[in-house]
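Numbering (the working numbering), first residue to last: 1 to 473. Ideal Cβ positions, reconstructed from N, Cα and C, are used throughout, including at glycine. Beneath this line is the structure, given in structure tokens, with notes to follow.
This is how it looks when you write it as structure tokens:
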């Protein structure tokens, strides 16, 4: 049975019509049909009768008109099918070019924060603004910034960004837009934190102990000195004498603070001394870094003495100076108050992972409520910033890294000073596991502390601890 097609065509007739058609594909979804390829002038001349038979409903006049229009269109066409392949495509528009980076003259990637800038300077400026970074120039604050030298001085690079017109507000607005989109998708569930009566008592004791042994910056009468403030030298003996005197007093204050940490005096004397020696430099560095003034790049000691970065280097910090100042700059965004500084100091003190502890499990028990107190207090103080607590704890790792280098610095400092190291500083800060090299020699010798220094240190510690027990009775 023949297949039925539209327009009354049958399968056999349909095949006859397709014999006169030739298909050629020029592009996706684009089919051009030619009724015949034998006559380019008029494609329907030889097949009039056959095709007319397929459409009997068309009268002769209509069919003639249809043929005429097809021939006219074919003859008037200005291009053939081959032209579709041989005609060249129009050239693409030239790529958009930008002026060189206004900051370092490197190749610009577009306009960022108001000026033409490269990807490197764009990212540097965004990070500096978002993280409130504080940089320092080690020269004359007039460093040349170009493609090669741009990473050598962050201070001058940031100043150059501002000078060419980069906008802080553009960074903040961009950040707020992204933040708003995130908040629209994800709802933040605000948790409520409240201190229990027991934790509240711990917080109160720690805060009081911290304030009694470490006055705040606003309570001190600042004073300065012009000694070796121009350039760095190996050691300024005048500044060293002053610094060593203050350091000895600060160590005693750290011991007094430790005695007031809940449960500390209940540990064995050996464990108390072990914890103090291990954490003393951590606490000292944390304390001095909270007295950092970024605008002037200075730090203030407990008697009000305010020293610049160069002076602190010359006073004995040496190569440790820049690392301490960097840590101080990283503390600024945390905006810790006295309570948080005191709790973090206490957590550094009672750490059960210190070596040579007799009863590490007891030390860990003392640390647990301190961690919980810091967590709840920081969340209550900053409800919208839940990451402040883990960020504060991460600073303990940085403190330990600096302290390890500080112990090495004490060893090398003994070779630079003309006299002996103050006994309390030596015993508290010196790492007995590091070798010491003889003067003018590369041969290491084992550090064996003098009996006088050992007895002096133990005497000071025991006297302070005994005075506390008498006061409590």
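In the DSSP assignment, residue 116 forms a beta bridge with 111. Around the C-beta of residue 169, fewer than 16 other C-beta atoms lie within 10 Å, and the residue is accordingly described as exposed. Three or more beta-carbon pairs separated by less than 8 Å are not found between the stretch 193-205 and the stretch 270-282, which leaves the two stretches without contact. In the structure shown, residue 237 falls within a helical segment according to DSSP collapsed to helix, strand and coil.
Annotation: the continuous alpha helix (DSSP H) that includes residue 399 extends over 388-416. Residue environment analysis places residue 115 among the buried positions, since at least 16 neighbouring C-beta atoms fall within 10 angstroms of its C-beta. Checking the DSSP bridge columns, you'll see residue 293 partnered with 298. If you check the CB distance, residue 373 and residue 267 do not come in under 8 Å. In the DSSP annotation of this structure, residue 201 is not part of any beta strand (DSSP E); the continuous alpha helix (DSSP H) holding it starts and ends at 197-213.
Pairwise C-beta distances place the stretch 378-393 out of contact with the stretch 251-270, as fewer than three of them are shorter than 8 Å. Proximity of the stretch 392-405 to the stretch 328-346 meets the contact definition, three or more beta-carbon pairs being nearer than 8 Å. Relative to the Cα of residue 364, the nearest Cα in the group 221, 259, 350 belongs to 350. At least 8 Å separates the beta-carbon of residue 315 from that of residue 230.
Remark: C-beta atoms of residue 329 and residue 134 approach each other more closely than 8 Å. DSSP places residue 371 inside the alpha helix (DSSP H), whose first and last residues are 360-381. By the criterion of a C-beta distance shorter than 6 Å, residue 254 is surrounded in its chain by 280, 283, once the five residues flanking it on both sides are discounted.
Three or more beta-carbon pairs separated by less than 8 Å are not found between the stretch 302-315 and the stretch 352-368, which leaves the two stretches without contact. Residue nearest to residue 232 within the set 138, 353, 201, 211 is 138 (criterion: CA-CA distance).
If you draw a straight line from the Cα of residue 167 to the Cα of residue 216, it is about 35 Å long.
Taking 8 Å as the cut-off, the Cβ atoms of residue 333 and residue 132 count as close. Residue pairing from DSSP places residue 307 in a beta bridge opposite 299.
Each residue's CA atom was taken as its position, placing residue 99 and residue 107 some 8 Å apart. Under the DSSP definition of a beta bridge, residue 223 partners with 305. Straight-line spacing of the CA atoms in residue 382 and residue 335 works out to 10 Å. Contact check for residue 303 and residue 246: beta-carbon distance about 6 Å, within the 8 Å limit, so the pair qualifies.
Non-local beta-carbon contacts of residue 375 in its own chain, meaning distances under 7 Å to residues more than five positions away in sequence, involve 389 in chain order. The continuous alpha helix (DSSP H) containing residue 158 extends over residues 154-164. Counted as a single uninterrupted DSSP element, the stretch harbouring residue 335 is not any alpha helix (DSSP H), since DSSP gives it neither H nor E.
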